[in-house]
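Asks: Numbering follows UniProt numbering, with no gaps: position 62 of the sequence shown is 62. Below is a structure I'd like to ask you about.
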Amino acid sequence: MKVADLPLPQTLKTRYAERGIENLYPPQEACVAAGIFEGKNLLCAIPTASGKTIVAEMVMHRHIADGGKCLYIVPLRALASEKFEDFSGKGAKVGVATGDLDRPDAYLGRNDIVVATSEKVDSLLRNGAPWLSEITLLVVDECHLIGSPDRGATLEMVIAKLLMKNPGMQVIALSATVGNPGALAGWLNAALVTSEWRPVDLREGVYFEGAIHFAEREDRTVAGKSRYDDLNLVLDTVAEGGQCLVFVSSRRNAEAFAKRAAGGLKLSEPALDTAAAAIEHEAQTDLGRTLALCVRNGAAFHHAGLSSAERHIVEEGFRKGSIRVISSTPTLAAGLNLPARRVVIRDYLRFGDGGMAPIPVGEYKQMAGRAGRPHLDPYGEAVLIAKSADGANDLFENYIDAPPEEIASQCNAENALRSHVLSLIATGFSRSRPDVLAFMDRTFYAYEHQGRRSTIHETIERVIDWLCDKEMVTALGDRLEATEYGTLVSRLYIDPRSAETIVDALAKAPDFADLGLLETLARTPDMLTLYLRKDDYEVVYRFIDEHIDELWTGLPYGDDEMQAFFCSVKTAMLLLNWSEEVTEAMICERFNVGPGDIHNKVETAVWLIHAASRLASLFKRPFAQPIADLEIRVKHGIKKELLPLIKLRGIGRVRARRLFNAGLTTPEEIRAAGIGALVPVLGERTAASVLAQVQGKGGGKTAPAEKDEAPRSRQAFLSAFCGDEE
1 MKVADLPLPQ TLKTRYAERG IENLYPPQEA CVAAGIFEGK NLLCAIPTAS GKTIVAEMVM
61 HRHIADGGKC LYIVPLRALA SEKFEDFSGK GAKVGVATGD LDRPDAYLGR NDIVVATSEK
121 VDSLLRNGAP WLSEITLLVV DECHLIGSPD RGATLEMVIA KLLMKNPGMQ VIALSATVGN
181 PGALAGWLNA ALVTSEWRPV DLREGVYFEG AIHFAEREDR TVAGKSRYDD LNLVLDTVAE
241 GGQCLVFVSS RRNAEAFAKR AAGGLKLSEP ALDTAAAAIE HEAQTDLGRT LALCVRNGAA
301 FHHAGLSSAE RHIVEEGFRK GSIRVISSTP TLAAGLNLPA RRVVIRDYLR FGDGGMAPIP
361 VGEYKQMAGR AGRPHLDPYG EAVLIAKSAD GANDLFENYI DAPPEEIASQ CNAENALRSH
421 VLSLIATGFS RSRPDVLAFM DRTFYAYEHQ GRRSTIHETI ERVIDWLCDK EMVTALGDRL
481 EATEYGTLVS RLYIDPRSAE TIVDALAKAP DFADLGLLET LARTPDMLTL YLRKDDYEVV
541 YRFIDEHIDE LWTGLPYGDD EMQAFFCSVK TAMLLLNWSE EVTEAMICER FNVGPGDIHN
601 KVETAVWLIH AASRLASLFK RPFAQPIADL EIRVKHGIKK ELLPLIKLRG IGRVRARRLF
661 NAGLTTPEEI RAAGIGALVP VLGERTAASV LAQVQGKGGG KTAPAEKDEA PRSRQAFLSA
721 FCGDEE
């Protein structure tokens, strides 16, 4: 089937022709035959790189040509940015939603395509974004995440709400790893297209005793240039002109392998020198400098501890072919477009609450699906590493020959339902107990449990009673209505349990203390706390002893409670260090974290401090302003004395400190000092912009933002839900 014959706008056909896309792949033809251009819903369950995104893109452009509007839901912010780039420049207005979580972001409605995470869409629904009622096509990428314990309930509820809000909306769901696609397609009233076809042949095998063993082809011998099996697999791939992804279980393992790979490759190329120099320019920590050394030799590691700039350089270097191998935690497999000739799944055991446990089959399939670069590789290889012959047989049985797990709804989890039931009531989706139960009957959970006993009605009754008890909802007979408190909690997009923790702490706190609030926020379910190392106990205990009067909560009883308390205090210590202008390098060393971890914790804290400020305005007004000041300080990483300066455009923590140290501590002093005093401190362009601002002239040319400025308020807390903490 030719692209030129499809009912698509000519602009899109031209863009496809420029990329050499003239004929559809067989699974794409099956999707067209299933009625995607006639408005039929579709679940497309086909392998990675088989053209799922193009199927969705074609239908989106068909809707746009007919005056429709499209919403594309992705699991990761990084993937949202990638899709934004993919969809741009093809004749449609594309927007990406990564803003604050308590705003309706009405401006997004000007776009034809909006790309967003499920959590952002959920927040838009809660805050009444008007353009959501105009959506004619919903695309759900990686729809198997409905089964995720952390995020599945949110994705499922978002889909159910949008289907209720827009009854005529077309839905296209995409995934490569759904174990029970028929059930999901049935819930969505969708045609099901499944296929094993791939544009590049995938060969799955197990490495053991110097060779890769395949089920239906000859074994492949791998030269033993090293004593390490994983490194031999990489060197073998690079020797024949390919690239390699190595998936390991932890950050430490990713860094250790990249160092070994760099030592084994020892490449020397201008492109690698350029990438390494760019990382060195960005790096402020030993982690970044180590990454630069690895990249200079052709290897890299990738995890959430890196800064966003460092991760971007690594990804681009790999896409362009200069970086030959990346060792990574599994987050890299979750949708980012980074295929490789060979994928080595080295660590298939992961440490969890119950000790070491095998990774799910679906996760293996996601990693294996990265093998084979279309139009570049003759084949792709996914390789597991066995320690024994029996182990090799087990790997074939448990992973290569096994289907992905069936996905199950997570909507019966009481902790998740608190937030979602409150949202249903606060937004008017449900106005009574029967309404709530009727809405839940539209979910995938209800579809799964047709004809079987379900406990969801009992769970919902308990949740509603809890919300009423906490005065977030009032009940008059069956009628339910959100209170001002409940409506605010829903719009702030925080867990109701977090709101209760904050409000209780505010009520009991005799005086405001930065540490008291930060430690309280670190105790909420919305904040992932730092881990404790053995060396941390003495430091944290001494800190508690010195600052006990500033903490709003007393010392807990019991070992588990004390462990959680120490973790929350350690997290608060990091945030306090940041707000006291301790350098990024020093924080990384003190707390054994990476730059990415600092930024994730800071952005989560900014979101929660903002929520605390709004709650204080409702329940403890004297605390509202100091909390708002702390929000600005944590956002920018500054002491209180810099607050008057940080409000100027183009001024971040470094420039604000320079101005203060030069005796220019307020906008009034800057105005009085004049351009002559500013240029030596800020440079000519920034000085002119700042002076224009304080003189009330509109700011002139916008000063460039500081390179090391703290991240602006974004939804980075979602990294916790997206697995970026690995």
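Where is the CB? At the ideal position from N, CA and C, for every residue including glycine.
1. Below 8 Å, can you find three or more Cβ-Cβ pairs linking the segment 51-64 to the segment 24-43?
2. Report yes or no: do the segment 517-524 and the segment 555-574 share at least 3 C-beta pairs separated by less than 8 Å?
3. Could you spell out the range, first to last residue, of the alpha helix (DSSP H) harbouring Thr-290?
4. State the beta-bridge partners of Lys-69 as determined by DSSP.
5. Return the bridge partner residues of Arg-203 from the DSSP annotation.
6. CA-CA distance, Ala-710 and Ser-307?
7. Identify the residues that DSSP records as bridge partners of residue 802: which are they?
8. Go ahead and label Asp-526 buried or exposed: buried means 16 or more other beta carbons lie within 10 angstroms of its beta carbon, across all protein chains shown.
9. Since I believe Ser-118 is in contact with Ile-73 (beta carbons under 8 Å), could you give me their beta-carbon distance rounded to a whole number of angstroms?
10. Which same chain residues end up closer than 7 Å to Leu-718 when comparing Cβ atoms and leaving out the 5 residues on each side of it in sequence?
11. Which two residues bound the contiguous beta strand (DSSP E) that contains Gly-637?
12. As an exercise, report each continuous beta strand (DSSP E) stretch of at least 3 residues that is fully enclosed by the segment 575-638, in chain order.
13. Checking 7 Å against the spacing of the C-beta atoms, do Val-246 and Val-344 come in under that value?
14. Which residue from Gly-516, Glu-581, Thr-177, Ile-544 puts its Cα closest to that of Gly-652?
15. Taking Thr-221 and Gly-210 to be in contact with their CB atoms under 8 Å, please state how far apart those CB atoms are, rounded to whole angstroms.
16. Could you name the residues of the same chain whose beta carbon sits closer than 7 Å to that of Leu-424, not counting the 5 residues immediately before and after it, in chain order?
17. DSSP three-state label for Ile-359, please.
18. Cβ of Ile-73 versus every heavy atom of the ligand COA: is any distance shorter than 6 Å?
19. Which residues bound the beta strand (DSSP E) around Phe-396?
20. List in chain order: all unbroken beta strand (DSSP E) runs of 3+ residues lying wholly within the segment 12-63.
21. How would you label Ile-46, buried or exposed, when you count the other beta carbons within 10 angstroms and need 16 or more for buried?
22. Are the segment 388-402 and the segment 471-487 touching by the rule of at least three beta carbon pairs closer than 8 Å?
23. With DSSP run on the structure shown, which of helix, strand or coil describes Val-114?
24. Do Ala-190 and Asn-41 have their C-beta atoms closer together than 7 Å?
25. Near Val-171, what residues of its chain come up, given a Cβ to Cβ distance below 6 Å and the 5 sequence neighbours on each side ignored?
26. Run through DSSP, which three-state label would Thr-327 get?
27. Are the Cβ atoms of Leu-630 and Ile-646 separated by less than 7 Å?
28. Tell me the DSSP secondary structure of Gln-410 in three-state form.
29. Here's the rule I'm using: 16 or more other beta-carbon atoms within 10 Å means buried, otherwise exposed. How should Met-169 be labelled?
30. Sorted by chain position, which residues of the same chain lie with C-beta nearer than 6 Å to Leu-648's C-beta, five sequence neighbours on each side aside?
31. Just the Cα atoms here: how many angstroms apart are Glu-381 and Arg-346?
32. Taking contact to mean 3 or more Cβ pairs, one atom from each stretch, closer than 8 Å, check whether the segment 147-165 and the segment 6-14 are in contact.
33. Excluding five sequence neighbours on each side, which residues of the same chain lie with their C-beta closer than 8 Å to the C-beta of Leu-515?
34. Taking the beta carbon of Gly-20 as the centre, do at least 16 other beta carbons fall within 10 Å, making it buried, or is it exposed?
35. Whose C-alpha, out of Gly-477, Glu-448, Thr-427, Phe-660, is nearest the C-alpha of Arg-491?
36. Pick from Gly-241, Thr-443, Gln-410: whose alpha carbon is nearest that of Pro-378?
Replies: Taking the structure as given:
1. yes
2. yes
3. 286-296
4. Ile-135
5. Glu-381
6. In this prediction, Ala-710 has a pLDDT of 37, which is less than 50 and means its spatial position is unreliable; nothing more can be read from the coordinates.
7. Outside the modelled stretch of the chain, which goes from 1 to 726, sits residue 802, for which no answer is possible.
8. buried
9. 5 Å
10. Residue placement at Leu-718 is poorly supported in this model, since its pLDDT is 34, which falls under 50; the coordinates are not used for a value here.
11. Per DSSP, Gly-637 belongs to no beta strand (DSSP E) and is neither H nor E.
12. none
13. yes
14. Glu-581
15. 6 Å
16. Ser-430, Val-436, Phe-439
17. coil
18. Absence of the ligand COA is noted for the structure shown, with no ligands found whatsoever.
19. From DSSP, Phe-396 is part of no beta strand (DSSP E); its letter is neither H nor E.
20. 42-45
21. buried
22. no
23. strand
24. yes
25. Asn-41, Leu-138, Leu-188
26. Looking at the sequence itself, residue 327 is Ser, so the reference to Thr does not match. It is a strand residue.
27. no
28. coil
29. buried
30. Val-690, Gln-693
31. 13 Å
32. no
33. His-547, Glu-550, Leu-551, Ala-572, Leu-576
34. exposed
35. Thr-427
36. Gly-241
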